[in-house]
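Peer 1: In full-length UniProt numbering, the protein residues as written are 1 to 474.
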């Protein structure tokens, strides 16, 4: 094919393809020495030009009655897709052939359009035009836009290539990737039809959380190549599945906290050791989660003694107050080495100094403290009532009203009550439900991580973030 003819034909095909609308159709008919090839071109839902073509020999198109019969004319027109497309391009690559000239005459009669000369295969020109077609719709990367003030996530897009972009163009965008789902992080490209996105492609990879400089290259219409991240693999999910995987909130991040651990240190040695061990687990876990955002208080309480012959009972002791986790663990080690207290024995067996502990805690807490505060009570026996009642438990010697004190602590802003009881919930004294109003756990079946998350002291298990993140300001 001569260069002028080739350039003229390419220009005509490119103009016809560029003029295709979302519902338009283009037919290119190449008439050659041995038959004709028909190219039917349209744009798919993403605005990408798609081509289907077929070839027919003159022998196949000629009826038994020969070229002079009407049936041969109809066969040629049917093979040319009846020339009903919005635009038709006729190409002749063998003008000397009788069959070619007769077919061209029929085709030109049915659709009077100029016939373009060509002395080589048209398919290469058509493929080249389709591969270099400027975008008829913008290509966007699907992202989650994060508002860090509220933690809200909004599914959106970041434009990579606007309408008119030519293949070979590159675009860069900085994204942040968090742990993804089972497929990893999805890099999905969409086009827009009005307000509705159309999924063009989606590839995923398991990435190390962090920031990435992503480079997108428009290889051809319908194909975008990403670099700047590990190799991506095809993701089988459709648009609805991808949208369903996107959370609406960022994982919550725990802030400063004050954990008050109140432990009953009277009773059997083994039980006291186990209670202190649970406190150690809780402090150690939260220390790893919150680091220098955590302050810990440690309060030990025992039992009242009503026997005049006994030595003076052991009072509630504040072993540490609002100290670092390291200092709290050191104070806890001292309690562990001392073990169960026996001072004041024989002590009262049916209740413990819970109400005295509550008074000591309430007295030290101030409303000016603007951090998450949790009172975690670990023990077995219930508090003493302020006065004699039907429970037959002897009243507190001081007397402290544990119900009023629980209410006083609980009414503070951003304060929660938790408890770890030796007994299961169904067998525990009703007072433990008040002491563990926000979370009540059993000593032998403690889920430290779950308890911390329930109390807002640690972030819950993070939801996977299946798309790249952009800040709301970007």
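Ideal Cβ placement from N, Cα and C applies to all residues, glycine included. Predicted model only: the values in this text are computed from it and were never measured.
#1: Please report the straight-line C-alpha distance between residue 403 and residue 380, rounded to a whole angstrom.
#2: Just checking, does the segment 382 to 390 make contact with the segment 265 to 283 on the three C-beta pairs under 8 Å criterion?
#3: Which class does residue 73 belong to by DSSP, given the choice of helix, strand or coil?
#4: Going by C-alpha to C-alpha distance, which of 366, 466 and 193 sits closest to residue 163?
#5: Alpha carbon to alpha carbon, how far is residue 378 from residue 277? Give it in angstroms, no decimals.
#6: Let me know the secondary structure DSSP gives residue 192 once reduced to three states.
#7: Assuming residue 85 and residue 107 form a contact by the criterion Cβ under 8 Å, report the distance between their Cβ atoms to the nearest whole angstrom.
#8: Applying the 10 Å Cβ sphere with the 16-neighbour rule, what's the burial state of residue 306?
#9: Is DSSP giving residue 534 helix, strand or coil here?
#10: Out of curiosity, what's the CA-to-CA distance linking residue 173 and residue 29?
#11: Who are the Cβ neighbours of residue 165 in its own chain at under 7 Å, not counting the five residues just before and after it?
#12: To the nearest angstrom, report how far apart residue 181 and residue 14 are at their CA atoms.
#13: Strictly under 9 Å for the Cβ-Cβ distance: is residue 133 near chain C by that measure?
#14: Bridge partners for residue 27 per DSSP, in chain order?
#15: Please classify residue 354: does DSSP put it in a helix, a strand, or coil?
#16: Residues in its own chain within less than 8 Å of residue 351 by CB, not counting five upstream and five downstream?
#17: Return the Cβ separation of residue 5 and residue 119 in integer angstroms, given the expectation that the two are a contact with Cβ distance under 8 Å.
#18: Identify whether residue 56 lies in helix, strand or coil by the three-state DSSP scheme.
#19: Kindly indicate the opening and closing residues of the beta strand (DSSP E) around residue 442.
#20: Between which two residues does the alpha helix (DSSP H) containing residue 98 stretch?
#21: Going by the beta-carbon positions, is the gap between residue 117 and residue 91 smaller than 9 Å?
#22: Of all the options 199, 53 and 144, which has the alpha carbon lying nearest to the alpha carbon of residue 240?
#23: What's the gap between the Cα of residue 258 and the Cα of residue 152?
#24: Using beta-carbon positions only, say whether residue 446 and residue 281 come within less than 9 Å of one another.
#25: Is DSSP giving residue 1 helix, strand or coil here?
#26: Going along the chain, which residues of its own chain have a beta-carbon closer than 6 Å to the beta-carbon of residue 401, five neighbours each way excluded?
#27: Cα separation between residue 376 and residue 160?
#28: The alpha helix (DSSP H) that contains residue 128, what's its start and end?
#29: Can the beta-carbon of residue 137 be found less than 9 Å from the beta-carbon of residue 208?
#30: DSSP three-state label for residue 162, please.
#31: If contacts are defined as beta-carbon pairs under 8 Å, then residue 364 and residue 321 qualify, I think. What distance do you get, rounded to the angstrom?
#32: Thinking residue 204 and residue 187 are a contact (beta carbons under 8 Å), I'd like their distance in whole angstroms, please.
#33: Might you give, ordered along the chain, the residues of its own chain that have their beta carbon closer than 6 Å to the beta carbon of residue 76, omitting 5 neighbours on each side?
#34: Below 8 Å on the Cβ atoms is my guess for residue 222 versus residue 48; work out the distance and round it to an integer in Å.
#35: Measure the Cβ-Cβ separation of residue 59 and residue 35 and say whether it is below 9 Å.
#36: Rounded to the nearest angstrom, what separates residue 189 and residue 331 at their Cα positions?
Peer 2: By the coordinates alone:
#1: The sequence position of residue 403 within the chain shown is 403, counting from 1. The sequence position of residue 380 within the chain shown is 380, counting from 1. Spanning the alpha carbons of residue 403 and residue 380 requires a straight line of approximately 17 Å.
#2: Not touching, per the Cβ criterion.
#3: Residue 73 sits at position 73 when you count from the first residue of the chain shown. Note: residue 73 maps to helix in three-state DSSP.
#4: Stepping through the chain shown from its first residue, residue 163 is reached at position 163. Answer by Cα proximity: 193.
#5: Numbered from 1 along the chain shown, position 277 holds the residue referred to as residue 277. Numbered from 1 along the chain shown, position 378 holds the residue referred to as residue 378. Pairing residue 277 with residue 378, the inter-Cα distance amounts to about 11 Å.
#6: For the purposes of this step, residue 192 is taken as residue 192 along the chain shown, with counting starting at 1. If DSSP states are grouped into helix, strand and coil, residue 192 belongs with the strands.
#7: As a first step, residue 85 must be located in the chain shown, where it is residue number 85. As a first step, residue 107 must be located in the chain shown, where it is residue number 107. That pair is no contact at about 12 Å.
#8: Within the chain shown, the letter at position 306 stands for residue 306. Counting other Cβ atoms within 10 Å of its Cβ, residue 306 stays below 16 and is therefore classed as exposed.
#9: What the structure shows of the chain is the stretch from 1 to 474, and residue 534 is not part of that stretch, so it cannot be assessed.
#10: The sequence position of residue 173 within the chain shown is 173, counting from 1. The sequence position of residue 29 within the chain shown is 29, counting from 1. If I take the Cα positions, the gap works out to 43 Å.
#11: Translated into the one-based positions of the chain shown, residue 165 becomes position 165. Cβ neighbours of residue 165 within its own chain (closer than 7 Å, five residues either side excluded): 134, 135 and 218.
#12: Translated into the one-based positions of the chain shown, residue 181 becomes position 181. Translated into the one-based positions of the chain shown, residue 14 becomes position 14. Residue 181 and residue 14: Cα-Cα distance of roughly 43 Å.
#13: Of the chains in the structure shown, none is chain C; there is only one protein chain.
#14: Residue mapping note: residue 27 aligns to position 27 of the chain shown, counting from 1. According to DSSP, residue 27 bridges with 40 and 88.
#15: As a position in the chain shown, residue 354 is number 354, starting the count at 1. It is helical.
#16: For the purposes of this step, residue 351 is identified with residue 351 of the chain shown, where counting begins at 1. So the list reads 303, 304, 381, 382, 383, 384, 393 and 394, once near-sequence residues are dropped.
#17: If you number the chain shown from 1, residue 5 lands on position 5. If you number the chain shown from 1, residue 119 lands on position 119. That belief holds up - the Cβ atoms of residue 5 and residue 119 are roughly 7 Å apart, short of 8 Å.
#18: Translated into the one-based positions of the chain shown, residue 56 becomes position 56. Note: residue 56 maps to strand in three-state DSSP.
#19: Along the chain shown, read from residue 1 onward, the residue named residue 442 stands at position 442. Per DSSP, residue 442 belongs to the beta strand (DSSP E) from 439 to 442.
#20: On the chain shown, position 98 is the one that residue 98 refers to. In the DSSP assignment, residue 98 falls within the unbroken alpha helix (DSSP H) covering 98 to 110.
#21: In the chain shown, residue 117 corresponds to position 117, counting from 1. In the chain shown, residue 91 corresponds to position 91, counting from 1. Yes, these two residues count as a Cβ contact at 9 Å.
#22: Position 240 of the chain shown holds residue 240. Residue 199 is the option with its Cα nearest to residue 240.
#23: Taking the first residue of the chain shown as 1, we reach residue 258 at position 258. Taking the first residue of the chain shown as 1, we reach residue 152 at position 152. The alpha-carbon atoms of residue 258 and residue 152 are separated by roughly 27 Å.
#24: Numbered from 1 along the chain shown, position 446 holds the residue referred to as residue 446. Numbered from 1 along the chain shown, position 281 holds the residue referred to as residue 281. A contact, by the Cβ cut-off of 9 Å.
#25: Stepping through the chain shown from its first residue, residue 1 is reached at position 1. Residue placement at residue 1 is flagged as unreliable, the pLDDT there being 48, under the threshold of 50; a coordinate-derived value is accordingly withheld.
#26: Locating residue 401 in the chain shown gives position 401, where the first residue counts as 1. Once the five neighbours on either side are set aside, the close Cβ partners of residue 401 are 386.
#27: As a working note, residue 376 is residue 376 in the chain shown. As a working note, residue 160 is residue 160 in the chain shown. Taking the straight line joining both Cα atoms gives about 52 Å.
#28: Taking the chain shown and counting its residues from 1, the one referred to as residue 128 is at position 128. Run containing residue 128: 123 to 131, per the alpha helix (DSSP H) assignment.
#29: Counting from 1 along the chain shown, the entry for residue 137 is found at position 137. Counting from 1 along the chain shown, the entry for residue 208 is found at position 208. No; because the gap between Cβ atoms is not below 9 Å, this pair is not in contact.
#30: The sequence position of residue 162 within the chain shown is 162, counting from 1. Collapsing the DSSP output to three states places residue 162 in coil.
#31: The residue given as residue 364 occupies position 364 in the chain shown. The residue given as residue 321 occupies position 321 in the chain shown. Rounded, the Cβ-Cβ distance is 6 Å, consistent with contact.
#32: If you number the chain shown from 1, residue 204 lands on position 204. If you number the chain shown from 1, residue 187 lands on position 187. With a beta-carbon spacing of about 7 Å, residue 204 and residue 187 fall inside the 8 Å limit used to define contacts.
#33: Numbered from its first residue, the chain shown carries residue 76 at position 76. Leaving aside the five residues that flank residue 76 on each side, the residues in its chain whose CB is nearer than 6 Å to its CB run, in chain order, 61, 103 and 106.
#34: Sequence index remark: in the chain shown, residue 222 carries index 222 (1-based). Sequence index remark: in the chain shown, residue 48 carries index 48 (1-based). Rounded, the Cβ-Cβ distance is 4 Å, consistent with contact.
#35: Numbered from 1 along the chain shown, position 59 holds the residue referred to as residue 59. Numbered from 1 along the chain shown, position 35 holds the residue referred to as residue 35. Yes.
#36: Start at 1 with the first residue of the chain shown, and residue 189 comes out as number 189. Start at 1 with the first residue of the chain shown, and residue 331 comes out as number 331. Cα to Cα, residue 189 sits roughly 57 Å from residue 331.
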